[in-house]
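Going by our numbering, the first residue of the sequence shown is number 1, and it counts up by one from there.
We put the beta carbon where it would ideally sit given N, CA and C, even for glycine.
Bear in mind that the values here come from a model prediction, so they are computed numbers and not experimental data.
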Amino acid sequence: MEALSLDDVKPGMKIAKDILSSSGKVLLFSGSYVKASYIDKLRNLGIEKVYIDKNDSFIKIYEDFSIRVEDIFTNAFKSGLIDVECVEAILDALIDIVGEIDFNIILLNRLQKKDFYTYYHSLDVCLYSLAVGKNIEMDDKELRDLGRGALLHDVGKCEVPDDILLKPGKLTDEEFELIKRHTNKGYEILLKTGVYNDSVARIALEHHEKWDGSGYPLGIRDEQISFWARIVTIADIYDALTSDRVYKSKVLPHEAAEYILSNAGLILDPVLTKVFLFAIDVYPVGARVLLSTGEEGIVIDSNRSFPLRPKIKISTTDKIIDLEKHPSVFIKNLI
Ligand SMILES: [Fe+2]
């Protein structure tokens with residue numbers, strides 16, 4: 001445990017001692033993770049120092065988990081089965097923290113180990129999917145099943161050689177066919193493990209299907225694609241866009257969000273796309289943004305119907321712009 005000046009406290013760090021107001025009221029409990037929006041609020045309340053658990057941050061836990069996901073894939077390759085206990089242990093932790101974190105922290109702070117992409121990606125897709133599930137108030141059993149399928153959606157890639165998965169250039173037709181097989185292979189591994197129901201396994205099978213029928217392996221469309229797979233598809237694409245890959249650089253979260261939204265009703269479920277963008281909170285309250293007008297401001301309220309058009313308070317004045325009511329103004333960048 002270490003006392004840090006508030007200026008050195010970063011989102012994702014774990015609080016090691018309750019933070020109290022001057023009247024003794026608990027502002028933040030020990031064990032919670034710092035969000036970007038907390039830092040300004042604590043400063044305004046006159047808090048100068050925060051006790052931080054230096055051995056434990058969300059980013060560190062995440063890196064540890066990526067190694068466990070690698071083990072799950074290795075085991076699946078060797079035995080054709082999932083290490084069920086390991087999956088449950090990861091899920092316990094992810095379900096616990098999904099409401100506590102800023103997703104932008106994952107994207108902006110994690111190590112960009114390109115050869116580890118599949119393992120980080122599995123965790124990201126699981127977290128995003130859980131966030132959607134929580135947002136639509138899935139019950140605990142459904143949420144857990146969605147999390148299981150999301151965490152394991154790409155497990156069929158365990159049989160794709162690294163030189164194809166990590167190939168920087170264009171894939172040959174044969175290589176692409178081999179990659180496409182990870183959907184059927186994942187489905188097969190999940191069913192063979194014997195503890196996952198068909199709905200969970202179908203997440204692996206159908207996560208590359210598209211709303212307009214242009215996906216693979218089945219080419220099914222809209223509601224023919226299972227509800228859970230439609231959630232995971234959105235999470236999968238969003239995470240791929242916001243990650244560095246061997247063959248492309250990442251785009252910023254809000255750029256990926258615009259791309260996702262522009263595909264709502266085309267390749268993605270239109271309703272779930274909006275739920276997704278609201279659930280992952282692309283512009284969290286407290287985020288600093290640059291508007292197309294050149295003004296800088298802070299997000300003060302989110303918008304469920306139009307998740308990319310929150311309310312902004314302009315920094316140098318008391319002016320508030322509700323972007324839903326000003327369609328010609330848009331957020332140009334997060335700053
Ligand atoms: Fe995939």
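Counting only unbroken stretches of 4 or more residues, the alpha helix (DSSP H) elements lying wholly within the stretch 29–116 are 36–44, 58–79, 84–97, 103–109, in sequence order.
At a cut-off of 4 residues, the continuous stretches assigned as alpha helix (DSSP H) that sit fully inside the stretch 236–272 are 253–262.
Annotation for Lys311: the continuous beta strand (DSSP E) segment containing it runs 311–314. If you check the CB distance, Pro253 and Val299 do not come in under 8 angstroms. For Leu323, the number of other beta carbons within 10 angstroms of its own is at least 16, and it is reported as buried. Per DSSP, the beta-bridge partners of Asn333 are Leu290.
With distances taken between CA atoms, Glu88 lies nearest to Leu146 out of Lys60, Leu146, Lys41, Glu100. Counting every other CB atom within 10 Å of its CB across the protein chains shown gives Val289 a total of 16 or more, marking it as buried. If you check the CB distance, Ile59 and Ile15 do not come in under 8 angstroms. By the beta-carbon neighbour count (other beta carbons within 10 angstroms, threshold 16), Lys35 is buried.
Asn75 and Ile82 have their C-alpha atoms some 7 angstroms from each other. The criterion of a C-beta distance shorter than 8 angstroms is satisfied by Lys185 and Glu159. Asp56 has its CB no nearer than 7 angstroms to any heavy atom of ligand 1.
Taking 7 angstroms as the cut-off, the C-beta of Asp236 counts as close to a heavy atom of ligand 1. Put simply, the backbone Cα of Glu206 is about 44 angstroms away from that of Asp18. Here DSSP, grouped into helix, strand and coil, assigns Lys10 to coil.
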